[in-house]
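Residue numbers (the working numbering): 281 to 567. Heads up, the beta-carbon is just placed ideally off N, CA and C, and yes, glycines get one too. Everything numeric in this text was worked out from a predicted model, so none of it was measured. Notes for the one structure printed next.
Set out below in structure tokens:
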């Protein structure tokens, strides 16, 4: 009996000595903006305080990508999903990323979900999917928004929402409620009744807009933008971030959290892309 114990001990020691140690994963993060054609999303969409706060969660701060694409196009367009695939592939290859966390905002979640849902569409998609750990989808427009319908109908929202949606472009057309219902049923994964996405798609939901000039919360992310979202919220459900109903934000993937439950504050659609009320810290800690 003692001999067997000694032999087992010797074998364990030999295995420990000659086993090749596993290399640590190289983690990277990609920030994917929402509707709009971006050339400097670092400053114009996310702003430095948001990006640099998230960067602190990486062991190598260089392993962060801020995507710049033309998301005024349909999600599958070469200038949208094709551009995103190019930038993610180049980032993965250049930085040797094998553990990628993707953080999306708004319509960026739809473009990312197109890649996850259609691996045979583009030869680059499978490798991107394989490298992704999960997607943190902040205020994703997974079921569209009635405001996109209003913009396409050419009413007052076309003028008041130009800063948020752009005008009558294909991305806005795509985010009409009935159009997103069609895409969700036929081309996209992760919504009710459809197969699951191949990687986790975790929703952060904004539930309200604060715009009172007497409340300091109204000024985070830009007071005038929050006032605009307070106006448009009148045409949405009581639970909304001024651009998207909560039901749209949580329509695909899995609910991660609603703003007040974790942050103790509400996040307007504008504030959820900025370093407001600790959302940046939550995303950083998730790396």
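When DSSP assignments are scanned along the stretch 427-506, the uninterrupted stretches of beta strand (DSSP E) that are 3 or more residues long and fall wholly within it turn out to be 480-485. Under the three-pair Cβ rule at 8 Å, the stretch 489-503 does not count as touching the stretch 404-419.
Between residue 308 and residue 380 a beta carbon distance of about 5 Å is seen, short of the 8 Å cut, so the two are scored as contacting. In this structure, residue 427 lies near residue 516, with their beta-carbon atoms less than 9 Å apart.
When rounded, the separation of the alpha-carbon atoms in residue 484 and residue 434 is 30 Å. The beta carbons of residue 475 and residue 469 sit about 5 Å from each other, so the pair counts as a contact at 8 Å. When DSSP reads this structure, residue 414 sits in a beta bridge with 381, 480. For residue 527, the closest alpha carbon among the candidates 337, 348, 471 is that of 471.
Judged by DSSP in its simplified three-state form, residue 557 adopts coil rather than helix or strand.
Between residue 388 and residue 431, the C-beta spacing is not below 9 Å. Contact between the stretch 325-336 and the stretch 549-556 is present, with at least three C-beta pairs closer than 8 Å. When the Cα atoms are used, residue 325 and residue 313 turn out to be separated by approximately 7 Å. The C-alpha of residue 545 is placed about 20 Å away from the C-alpha of residue 327.
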